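Worksheet for the structure shown next.
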Amino acid sequence: MILVGLAAPRRAARVTGLVLGAALVRALLLPLGDGFSTVVFGGCLLAITWFERGPSTSEARWGRGRAIVAGLMVGAIVLAPVVSGPLGARPLSAFWSWAAIAALIAALEETSIRGVLYQRWAGEAGTVAAIVVGAAVFALIHLPRYGLGAMPLDAAVGLALGGLRALTGRVLPCALAHIVADWGAWFWA
Amino acid sequence: MTTRRAGVAALVLGLVAAALLHARVGAPPLYDGIIVPPEPYRWESPPPDLRAGNKPPLSGEATLPVLNGQVAGGGVQTGDSQVVMYFGPGAFKAPAGATSVKCTIAPDPNPPAPPAGVEIRGNVYRVTCVGQPGGQPVTVVSSYHLTMRFPPGAFKEIQYYDGSSWRALPTLRAPGGDPYASVNAPGFGEYAASAPTGAPGPSIFSDLGRYAEFYGILAFVIIFGAIAIIQEVRRRRQRAPASPKKKRR
Numbered sequence: 021m022i023l024v025g026l027a028a029p030r031r032a033a034r035v036t037g038l039v040l041g042a043a044l045v046r047a048l049l050l051p052l053g054d055g056f057s058t059v060v061f062g063g064c065l066l067a068i069t070w071f072e073r074g075p076s077t078s079e080a081r082w083g084r085g086r087a088i089v090a091g092l093m094v095g096a097i098v099l100a101p102v103v104s105g106p107l108g109a110r111p112l113s114a115f116w117s118w119a120a121i122a123a124l125i126a127a128l129e130e131t132s133i134r135g136v137l138y139q140r141w142a143g144e145a146g147t148v149a150a151i152v153v154g155a156a157v158f159a160l161i162h163l164p165r166y167g168l169g170a171m172p173l174d175a176a177v178g179l180a181l182g183g184l185r186a187l188t189g190r191v192l193p194c195a196l197a198h199i200v201a202d203w204g205a206w207f208w209a
Numbered sequence: 002m003t004t005r006r007a008g009v010a011a012l013v014l015g016l017v018a019a020a021l022l023h024a025r026v027g028a029p030p031l032y033d034g035i036i037v038p039p040e041p042y043r044w045e046s047p048p049p050d051l052r053a054g055n056k057p058p059l060s061g062e063a064t065l066p067v068l069n070g071q072v073a074g075g076g077v078q079t080g081d082s083q084v085v086m087y088f089g090p091g092a093f094k095a096p097a098g099a100t101s102v103k104c105t106i107a108p109d110p111n112p113p114a115p116p117a118g119v120e121i122r123g124n125v126y127r128v129t130c131v132g133q134p135g136g137q138p139v140t141v142v143s144s145y146h147l148t149m150r151f152p153p154g155a156f157k158e159i160q161y162y163d164g165s166s167w168r169a170l171p172t173l174r175a176p177g178g179d180p181y182a183s184v185n186a187p188g189f190g191e192y193a194a195s196a197p198t199g200a201p202g203p204s205i206f207s208d209l210g211r212y213a214e215f216y217g218i219l220a221f222v223i224i225f226g227a228i229a230i231i232q233e234v235r236r237r238r239q240r241a242p243a244s245p246k247k248k249r250r
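Quick note, the sequences are listed as chains A and B, same order.
Going by the working numbering, the letters in the first sequence line up with residues 21 to 209, in that order.
Going by the working numbering, the letters in the second sequence line up with residues 2 to 250, in that order.
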């Protein structure tokens with residue numbers, strides 16, 4: 021038990037470093053093209069999710085259906101302030117392939133941040149630390165792309181997604197909320 | 002604090018903060034870092050196959066203060082962001098008596114004819130700055146930065162028409178295949194993206210390269226996702242019969 025207790029902080033910090041490192045690698049590779057840097061970033065997140073995943077916990081979880089509804093609702097609430105704005109002129113025909121990639125990257129971000137990283141920090145320092153660190157990492161990994169100006173908004177959404185993770189005990193609603201918010205950018209950004 | 006209470010508090014706090022910040026930003030950001038493709042190019046005179054659904058290009062203007070005869074630095078962009086210009090303090094000299102300067106970028110519906118062997122790609126934009134009051138012309142002291150979007154197809158460089166003739170400017174293309182190019186603009190007048198007459202558009206190989214990159218991401222994530230799901234299912238199956246043994250011990 022003592023060994024587990026000592027190992028936990030190292031793993032939580034390691035996962036945090038790995039996720040931030042993946043974002044840094046992506047930023048450094050951006051001059052080589054958005055597609056290439058995104059592939060590397062996605063691959064890194066997938067590897068982090070796969071190799072750093074912990075054993076199943078006894079955490080209370082919402083039912084899948086209820087969690088899905090919660091995720092969709094949170095996504096809709098995040099989008100609500102902008103849906104009254106003018107619609108963009110991007111064609112719907114081009115939306116689907118873009119939406120598939122956006123959904124996959126969003127899901128990978130959630131499995132690594134609200135999945136592995138949350139689990140490690142919750143085990144080490146408790147739920148509040150897991151939510152706060154997740155929100156901070158979420159804001160930081162988007163810094164190279166959106167700049168300092170977007171950080172408060174990213175941190176706020178990260179906080180909401182962390183709260184959703186803690187409340188439902190699942191990553192699925194976080195991924196759904198994230199995807200809904202991303203897809204909205206096609207129509208209203 | 003219990004997990005549930007912490008979750009509810011963070012969720013409510015995060016959503017309220019996001020709503021307040023959204024209202025200030027006015028556009029939904031993208032939380033996964035994927036670039037949203039730009040809206041279709043807005044043509045002043047669209048090719049026949051793009052006429053349906055084309056939206057007219059927008060103009061842009063800004064009024065800038067004059068200090069000691071020099072125009073303060075600033076920028077102007079069209080409403081559709083197809084052309085952006087910016088300049089440092091002192092790049093423009095205001096006419097005598099002017100207290101401010103009005104700079105305008107507008108699509109030109111009747112542009113001058115292109116030079117021989119060159120095809121204008123997209124819209125021709127007229128860039129002007131005049132002093133206020135009086136409407137006297139502003140003088141360019143040093144070049145300013147101008148970025149222009151070009152439509153899909155061939156592109157080589159940005160041309161500048163100074164009122165008498167066109168000339169090609171050293172042009173820097175945006176990295177990553179983005180349809181934007183920049184120049185150090187030497188004066189006010191017309192600016193347009195151009196390509197040699199009859200220049201081919203993107204080749205089948207460049208198209209394939211673009212699609213390969215796009216679908217490469219998709220294939221990459223799907224393949225690894227499928228492997229991860231299969232491994233997870235196997236792991237759970239292997240774990241299922243082992244748990245009763247542990248209990249017996």
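Even for Gly, the Cβ is constructed at its ideal location relative to N, Cα and C.
Keep in mind that this is a model prediction, so the values were computed, not measured.
> At a CB-CB cut-off below 8 angstroms, which residues of chain B make contact with P172 of chain A?
Replying inline: The residue given as residue 172 of chain A occupies position 152 in the first sequence. Those are A18, L22, listed as they occur along chain B.
> What residue from A:F207, A:G53, A:L179, A:H162 has the CA that sits closest to A10 of chain B's CA?
Replying inline: The residue given as residue 10 of chain B occupies position 9 in the second sequence. It is A:L179 whose Cα lies nearest to the Cα of A10 of chain B.
> From B:V67, B:L68, B:G70, B:F88, pick the residue whose C-alpha is nearest to that of V77 of chain B; which is it?
Replying inline: Numbered from its first residue, the second sequence carries residue 77 of chain B at position 76. The residue with the shortest Cα to Cα distance from V77 of chain B is B:F88.
>> For D174 of chain A and L107 of chain A, I'd like the C-alpha separation in whole angstroms.
In response: What you label residue 174 of chain A is simply residue 154 of the first sequence in a count that begins at 1. What you label residue 107 of chain A is simply residue 87 of the first sequence in a count that begins at 1. Looking at the two C-alpha atoms, the distance is approximately 22 angstroms.
>> Using a Cβ-Cβ distance cut-off of 8 angstroms, determine whether R250 of chain B contacts chain A.
In response: Within the second sequence, residue 250 of chain B is the residue found at index 249, counting from 1. Here the model assigns R250 of chain B a pLDDT of 45, short of 50, so the residue's position is not dependable, and the following value carries that caveat. So, not an interface residue.
> What are the start and end residues of each continuous alpha helix (DSSP H) run of 4 or more residues lying completely inside the segment 54-114 of chain A, in chain order?
Replying inline: 54-71, 84-99
> Bridge partners of H23 of chain B, per DSSP?
Replying inline: By one-based count along the second sequence, residue 23 of chain B stands at place 22. Beta-bridge pairing links H23 of chain B to no other residue.
> Between T58 of chain A and chain B, is there a C-beta pair that is closer than 8 angstroms?
Replying inline: Position 38 of the first sequence, counted from the start, is the residue given in the question as residue 58 of chain A. Output row for T58 of chain A: interface = yes.
> Whole-angstrom Cβ separation of V141 of chain B and P187 of chain B, contact assumed at under 8 angstroms?
Replying inline: Taking the first residue of the second sequence as 1, we reach residue 141 of chain B at position 140. Taking the first residue of the second sequence as 1, we reach residue 187 of chain B at position 186. Indeed, because the Cβ distance is near 7 angstroms, the residues count as touching under 8 angstroms.
> Which of helix, strand or coil does DSSP assign to F93 of chain B?
Replying inline: The residue labelled residue 93 of chain B in the question sits at position 92 within the second sequence. Residue state, collapsed to three classes: strand.
>> Determine, for L14 of chain B, whether the minimum Cβ-Cβ distance to residues of chain A falls below 8 angstroms.
In response: Counting from 1 along the second sequence, the entry for residue 14 of chain B is found at position 13. With 8 angstroms as the cut-off, L14 of chain B counts as an interface residue toward chain A.
> Over what stretch of residues does the alpha helix (DSSP H) that includes T105 of chain B continue unbroken?
Replying inline: The count along the second sequence starts at 1 and reaches residue 105 of chain B at position 104. Not the alpha helix (DSSP H): T105 of chain B falls in the beta strand (DSSP E), residues 101-108.
> Quick one: does G183 of chain A have its CB under 8 angstroms from some CB of chain B?
Replying inline: Residue numbering aside, residue 183 of chain A sits at position 163 when the first sequence is read from its first letter. For G183 of chain A, the answer is yes, since a Cβ of chain B falls inside 8 angstroms of its Cβ.
>> In whole angstroms, give me the CA-to-CA distance for A7 of chain B and V102 of chain A.
In response: Here residue 7 of chain B refers to the residue found at position 6 of the second sequence. Here residue 102 of chain A refers to the residue found at position 82 of the first sequence. Spanning the two alpha carbons is a distance of roughly 28 angstroms.
>> For the beta strand (DSSP E) containing P66 of chain B, name the first residue and the last one.
In response: To locate residue 66 of chain B, count along the second sequence from 1; it is residue 65. It spans 61-68 - the beta strand (DSSP E) in which P66 of chain B sits, taken as one unbroken run.
> Can you find a C-beta in chain B that's less than 8 angstroms from the C-beta of T77 of chain A?
Replying inline: Sequence index remark: in the first sequence, residue 77 of chain A carries index 57 (1-based). Not an interface residue.
> Taking Cβ positions, are P108 of chain B and S60 of chain B nearer each other than 8 angstroms?
Replying inline: Working through the second sequence from its first residue, we reach residue 108 of chain B at position 107. Working through the second sequence from its first residue, we reach residue 60 of chain B at position 59. In this structure, S60 of chain B lies closer than 8 angstroms to P108 of chain B by Cβ.
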